[in-house]
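Next comes the structure, spelled out in structure tokens:
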């Protein structure tokens, strides 16, 4: 999505978004969230509120959209996958990770049709595999192929988004697709099967991003409060999975049972971003993407993380 179209889309979303009641003196915190995944969409269900802060929830389709919205100043916080900060750093954008979920390795997977003759990753050689370039699904593709001694040049890449890949797989126009929850569960419900997931290969974490300007500005206290509220909300999710699935299903536009099944591969817990573990893991992604020429140069991903927010991760 172009910069101007993104700003227009965010503006339209803000007109229809959920704005939590607040006084005129409150700070406004605009949160760009993933519309059909992630952990912000159900803030209204749990009545998440931050004293002194007006929350504006802005629905966005992809992590790339959220990254662009943060960079453009259209939102203060963006909910993304784990690869978007790499592209931000490669583009010299002053954006930092202020919070991240714990690894949820099964939340990204490679699927084939139930009757497909593909039984192992090695069988993918020469096959048409759909994924979104420069995303968590691309990262898992690189990792999976490596386990079988294959490279991307050994397959036929097909660049498709989740919705299109569902149809293409069902119609036999592709042989496999790599995607994330809840698209994984939608395909399974339609007769697809998981050939491999991210266990032992990728984290599939969600990251929460803000610009250095916002972090250093008047909204810093609100950002800290957001991380605390998110941490508490994730604890609430763990105790209310059924209620959450019922509430989210009509908003996602998919059956409740699929939303509930997707919850089983998610890990609603925050992990520290300043202890070096996520930076080391993200370094592996950045190095792989540099080798694939997806980014122009090698990076030091330690620069992407602001560990000062970890103080908000005390027991909810």
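In this note's numbering, the protein residues as written are 398 to 713.
Think of the CB as a built atom: it goes at the ideal place given N, C-alpha and C, for glycine as much as any other residue.
CB contact flag (residue i, residue j, <8 Å)
i           : j           : result
residue 523 : residue 552 : yes
residue 676 : residue 696 : no
residue 427 : residue 472 : yes
residue 474 : residue 429 : yes
residue 463 : residue 507 : no
residue 549 : residue 556 : no
residue 664 : residue 593 : no
residue 606 : residue 694 : no
residue 670 : residue 499 : no
residue 574 : residue 562 : yes
residue 604 : residue 529 : no
residue 600 : residue 678 : yes
residue 655 : residue 586 : yes
residue 457 : residue 644 : no
residue 624 : residue 503 : no
residue 642 : residue 424 : no
Residues that DSSP places opposite residue i in a beta bridge
i           : result
residue 555 : 527
residue 455 : 429
residue 450 : 424 and 447
residue 686 : For residue 686, which the question treats as bridged, DSSP gives no partner whatsoever.
Residue i to residue j span [Cα, whole Å]
i           : j           : result
residue 546 : residue 536 : 16 Å
residue 515 : residue 521 : 7 Å
residue 591 : residue 582 : 9 Å
residue 526 : residue 626 : 39 Å
residue 704 : residue 667 : 13 Å
residue 505 : residue 579 : 9 Å
residue 629 : residue 647 : 25 Å
residue 584 : residue 451 : 38 Å
residue 446 : residue 611 : 20 Å
residue 540 : residue 681 : 10 Å
residue 709 : residue 544 : 38 Å
residue 673 : residue 707 : 12 Å
residue 613 : residue 490 : 15 Å
residue 639 : residue 690 : 43 Å
residue 438 : residue 572 : 32 Å
residue 598 : residue 699 : 20 Å
residue 554 : residue 652 : 30 Å
Range covered by the beta strand (DSSP E) that runs through residue i
i           : result
residue 604 : 604-608
residue 475 : 474-477
residue 466 : Premise fails: residue 466 lies in the alpha helix (DSSP H), 460-469, not in any beta strand (DSSP E).
residue 496 : 492-498
residue 507 : 505-510
residue 575 : 573-577
residue 597 : Residue 597 -> no beta strand (DSSP E), and no H or E assigned at all.
Unbroken alpha helix (DSSP H) run spanning residue i, endpoints
i           : result
residue 580 : 580-586
residue 544 : 533-544
residue 485 : 481-487
beta-carbon residue i near the ligand SAH non-hydrogen atom, thresh 7 Å
i           : result
residue 646 : Because no ligand of any kind appears in the structure shown, any question about the ligand SAH cannot be addressed here.
Taking only runs of the alpha helix (DSSP H) that begin and end inside the segment 622-678, which ones reach a length of at least 4 residues, in chain order?
Listed in chain order, they are 638-649 and 653-660.
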